[in-house]
Structure formats: structure tokens, C-alpha cells
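Residue numbers (the working numbering): 2 to 524.
Cβ atoms here follow ideal geometry from the backbone N, Cα and C, with glycine treated the same way.
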Amino acid sequence: MILTLHRLRTASHWIYAALALSVITACSATRTPTTSPAPAPATPTTAATEAVDIVSVRKRATHAMQRVVDSLVALPQFSNAHWGVLIVVPTRGDTLASANADRLVMPASNQKIVTGAVALAQLGPDYQWRTTFSRTGRVVRGVLNGDIIVSGSGDPSVSTALRRDPLLAFDPLIAALKRDGIRRISGTLRAPSTPAFPGSPVGFGWDYDDLDAPYGAGVTELLFNEGFAEFTVRGCAAVGALACVTSAPVRTSPQIRTSVITRAAGTGRPEIAWWRDSAQTPGITFRGSIAAGDSIVITTALADGRSTYLAAVAEALQRAGIQIERPTRKSRAITTSDVTDTIVVLQSLPLRDVLPAMQKPSQNQIAEAIFRTLGLQATGVGTPDSARAVVERQLTAWGVRADAHAVRDGSGLSRHDYITPRAIVQILDAMRTSPNFRTFVDALPFGGDGTLRNRLKDLGERVHAKTGTIDKARALSGYTTSADGQMIIFSLIANNFTVSNREIERIQDLIVTQLAALRLDLP
């Protein structure tokens, strides 16, 4: 076994390296010397001896890894922390190391392992979300004398991340309207008053301080650009004049008010505040100042995802030359007097293409849309409670104990999500034997990719794992292969620590690197 030691700068680095070397020492004793003579032809006695030697190698590797894990999690800087660790060789049923494997831990974004696995099992990799566009009224001389009703089911793929220009998702609608000869709409765009994802758009137990951040955006069945927008503030005019503010990817939503003044020199970052007009349409105000010629991009969660989705549709239609006479308005009930005809049903990208956009950057809103979709497909109502019931049933089917998890959302942003390392390993093992395994594992970050872009680069695609980070929780769970090509499943989760996240990452990365260097059978 070979270990490359990088230059180490702190005492803790030396401790980690010394502990890692114990794996080498333990395993090197089983190595056949290169100067040994060629072995004699196998006899029943030598075959039995080789079998004993293989068992011995496996025991030594297991004991070495357990000593490393025990020593690392017992370091003084973790005296107030809680570690949960489980490392197994699934094809043999061997446990290489374990620490608090059956104690509940907060998984952070390791919850996305649960969401992704259950989605593949329940929906399948080819699943597509459907958004139905229907109309009221009649078409007379190219004018639709009525409204367009947009009924969504949680499509998470209408975003710059998955389509570059998310307005292109509405091209089939534009084509259908033009095919019917519609050049103008006298009414408006609206959503049904009974949405597919009822209730609060944010998850149970989400931190109030996160709700303005893009990663804390709420989720509705009409999800546009993962629930957030980018605003560019520019010192575009003479000193003393108002600065310019533009939004993307939709120019017209939310409404913008600004009192940002152009100064000769900058005096800090402009501040933002949300407001609503008499029709309850959200808008955003910018205050402060910016230096002449300077610019800054402010990214924030949308206050009303449905309104922005409808504004995006209107902007796409107007860009294609189809005029809408009235702006979008608050949803109202569709009555029996409304004559509705389906214009088109938009199909999302398939789940197999959406999963990498969730797992690799650890995208919370995609996870929440998938989570609520599980409930919607099973019960007809896309609530977190219905989704939780679907997830719990699937975990039971995989042999996960009912007291080994507490599911509150799909992303792990909730601080009320709990799971044991053993349950995560059981889920990863269930996916290992699933026909959807390749789709599942390819969606996970690998060394140097996604949220592992600065970690485990030397291992590359020999490791596929999901990270997880919220305050006082750091997780890494997934798959790697040993030096002799055997799959290893691991779950390494730390909670309640007071050291830096990087200190936790060093431990996790060291363990995974050592797993990849193990030889579990005779050389």
C-alpha cells in the first residue's frame, strides 16, 4: 500500500498522517516479498493456507481501519462533537469500521441521498413533470378573448442551470398558440386557486435567516429558476443620479424600485427590501449607493415563485410577438362557466437529467420539488406530509428501521431531519443492487467535481459521494473502491462540533483516501 504525504503545516496534520500510516503498517505485514520464489503448485494444504491468509488480510485491514477511525474521532478537538461512522464492504457483508452507527445524526444535504434514491425507486429515471396550459374563451380573428391557465406539477428544470435560457422551455406553448392563429390575448395568465403544492413554500424547520438566500428559496408547483433571481446594480449615470437596476432571467418580475444613488466612490453594498402592491404582486426595493462605473450582482430568493413563473411565460410570449393585454393577476378559482381547452402540455427534462443538477451542486429547491412530487404522485396532494409518508414506506421496504430516521424535508435544510449512518449505508446498498444504480451514482459528485471540486481530486471517479453542510453538521457518504477493486460504502457524519468545517473535511478525506488505498485480499 502506498501513501503520498503532502507537506503538513499543523500539529493536527501530523497526527492524521501518523494515524493513517497505521493502516499501511497493519496491511504491509501481509504483503508477499518481491524476492520470494515462485509458489509451488497448489495442494489442498496450500489452498487452505491461502484461504486462511485471505481471512487474515481482511481481519488486519478491518482492525487497522477501526483503529484509525477510533483514534481520529477521539482527538481532543472533537471532545464536544458527535461522530457517526459506518464503513462496509457490501459484497462480503464486512464492516471495516463503525462509530455510533445506530445513533441519529443531522444529515444536512445527505438527506438528498434519501430523496434521490426514493425518487428513482418510486418515479423511475424517465419520469417527466407536466405543466398544462389551457385557455378560457374563444379565438376570434387572432385574439383569444379569455385567459391562459397554467397548471404546474413542480417541474424543476425551468432554470438557467438546466436550460441556459429558461424562457426557451415555453417554445412549445408559443408554437401551439401560433398554430391556432393566436396573436393577442385579451385576458391574462393565471394559476388555479388550488395548487398542486399547497401550504407553505418553505420547509419545516428551515432557519429564518436562510429564507432570503437562494438556497433557502421557497418551492411551488410553478418553480422558475430554482426560486431565485439575480439583480445587477450599476453606477450607470452621473454622480448624484439614480443607479440602474436590472433583473435576470426575467426582466419584468419582480417589480423594481430603486433609490440607489451613484457616488464618486462606493460606500458599501446596496440594501434590499420586499414589498407588495394592492394586487399582492411582490416587488423589491434597492437602497444605498454605488460608485460611478461600478456594478454588483445581488442574488436573492423570490418572494412569490408563482408570480415570477407567470411573468416569465408572458415575457416569452411577448418576445415571440404574442401580446398579452393585461398583466398577470392573482389566481382565482376556475368555475364551471369557464370554458377551458388544453393548448399544450409541457414535458420537463427527465428525472435522470435533473438528478445531477440536484446532487452535484447540492441544490435545495430541486430536492424539495422532487420530495413534494413523491407525495403528489402517490396521493394527489404535493405536501411535505404526504411526501414523508412515501419516503418512510420506501425506507421500510429497504429494511431501514422506523426509528432510524426522521424525515422533514427533501433537501436537508431542516434541522429536524435525522438519520443514522447505518440507514444511509442501507440506502446506498439498496441502490447498489438497483437497475437504476448507474443513474444514481453518476448524479453524485466525484473527486474534484461538484461540491467535491476542491476535495479528493487524486481519487477522481474512484469516489462518488454526497456532501452535506449546515451549521454544526458536516457529512460525506457514498462509494469508493479499494486498491484491489472492491466496492466500499461509507457514511461519515459529524454534528455539534466547534472546529472549522475544513477540520472535519480533513478527517473525512483522510478516511476515504485510506479506504481507496486498502487491499482487502492477498496482493
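I'd like the list of long-range same chain contacts for residue i, defined as Cβ closer than 6 Å, with 5 residues on each side in sequence excluded.
{"i": "alanine 517", "result": "Leu460, Arg463, Thr481"}
{"i": "aspartate 443", "result": "none"}
{"i": "alanine 304", "result": "Trp275, Pro283"}
Cα separation between residue i and residue j?
{"i": "aspartate 208", "j": "alanine 265", "result": "38 Å"}
{"i": "serine 492", "j": "isoleucine 471", "result": "17 Å"}
{"i": "glycine 241", "j": "serine 296", "result": "16 Å"}
{"i": "alanine 466", "j": "proline 446", "result": "6 Å"}
{"i": "glutamate 326", "j": "phenylalanine 287", "result": "29 Å"}
{"i": "alanine 292", "j": "alanine 218", "result": "30 Å"}
{"i": "threonine 195", "j": "aspartate 95", "result": "51 Å"}
{"i": "proline 108", "j": "alanine 431", "result": "18 Å"}
{"i": "threonine 300", "j": "phenylalanine 232", "result": "6 Å"}
{"i": "glycine 451", "j": "glycine 143", "result": "48 Å"}
{"i": "glycine 448", "j": "alanine 403", "result": "33 Å"}
{"i": "isoleucine 88", "j": "serine 435", "result": "20 Å"}
{"i": "isoleucine 512", "j": "aspartate 522", "result": "19 Å"}
{"i": "aspartate 127", "j": "serine 387", "result": "22 Å"}
{"i": "isoleucine 114", "j": "proline 351", "result": "18 Å"}
{"i": "valine 392", "j": "alanine 405", "result": "13 Å"}
{"i": "alanine 244", "j": "glycine 289", "result": "10 Å"}
{"i": "asparagine 437", "j": "arginine 353", "result": "9 Å"}
{"i": "alanine 424", "j": "alanine 368", "result": "19 Å"}
{"i": "glycine 236", "j": "serine 248", "result": "15 Å"}
{"i": "glycine 411", "j": "glutamine 112", "result": "6 Å"}
{"i": "arginine 503", "j": "arginine 320", "result": "47 Å"}
{"i": "threonine 263", "j": "phenylalanine 205", "result": "41 Å"}
{"i": "aspartate 172", "j": "serine 349", "result": "12 Å"}
{"i": "arginine 185", "j": "serine 254", "result": "21 Å"}
{"i": "isoleucine 490", "j": "proline 91", "result": "7 Å"}
May I ask which residues mark the beginning and end of the alpha helix (DSSP H) holding residue i?
{"i": "asparagine 312", "result": "The identity of residue 312 in the sequence shown is alanine, whereas the question assumes asparagine. Element bounds for alanine 312: 306-320."}
{"i": "alanine 177", "result": "172-180"}
{"i": "phenylalanine 491", "result": "Per DSSP, phenylalanine 491 belongs to no alpha helix (DSSP H); it is in the beta strand (DSSP E), 488-496."}
{"i": "arginine 270", "result": "Unbroken run through arginine 270: none, as it is neither H nor E."}
{"i": "alanine 379", "result": "365-380"}
{"i": "arginine 164", "result": "161-164"}
{"i": "aspartate 485", "result": "Careful: aspartate 485 lies outside any alpha helix (DSSP H) and carries neither H nor E."}
{"i": "arginine 264", "result": "Careful: arginine 264 lies outside any alpha helix (DSSP H), inside the beta strand (DSSP E) at 262-264."}
Give me the DSSP bridge partner(s) of residue i.
{"i": "valine 246", "result": "Val234"}
{"i": "isoleucine 285", "result": "Ile257, Trp275"}
{"i": "glutamine 324", "result": "Arg185"}
{"i": "tyrosine 480", "result": "His465, Ile490"}
{"i": "threonine 397", "result": "Answer by DSSP bridge pairing: none, since threonine 397 is not bridged."}
{"i": "alanine 98", "result": "Ile88"}
{"i": "threonine 470", "result": "Arg475"}
{"i": "histidine 406", "result": "Ile420"}
Please list the terminal residues of the continuous beta strand (DSSP E) segment that includes residue i.
{"i": "valine 89", "result": "83-90"}
{"i": "leucine 521", "result": "It is not in any beta strand (DSSP E) - leucine 521 carries neither H nor E in the DSSP assignment."}
Between which residues of its own chain and residue i is the CB-CB distance below 8 Å, once the five residues before and five after are set aside?
{"i": "serine 187", "result": "Gly138, Val144, Leu145, Asn146, Gly147, Glu326, Arg327"}
{"i": "glutamine 123", "result": "Leu375, Gln378, Ala379, Val391, Gln395"}
{"i": "isoleucine 183", "result": "Val140, Gly143, Val144, Leu145, Ile323"}
Would a check of beta-carbon distances place residue i closer than 7 Å to chain C?
{"i": "glutamine 324", "result": "The displayed structure is made up of one protein chain only, and chain C is not part of it."}
Practice task
Output the residue ranges of the alpha helix (DSSP H) runs that lie fully inside the segment 101-152 and measure 4 residues or longer, sorted by chain position.
Solution key: 112-123
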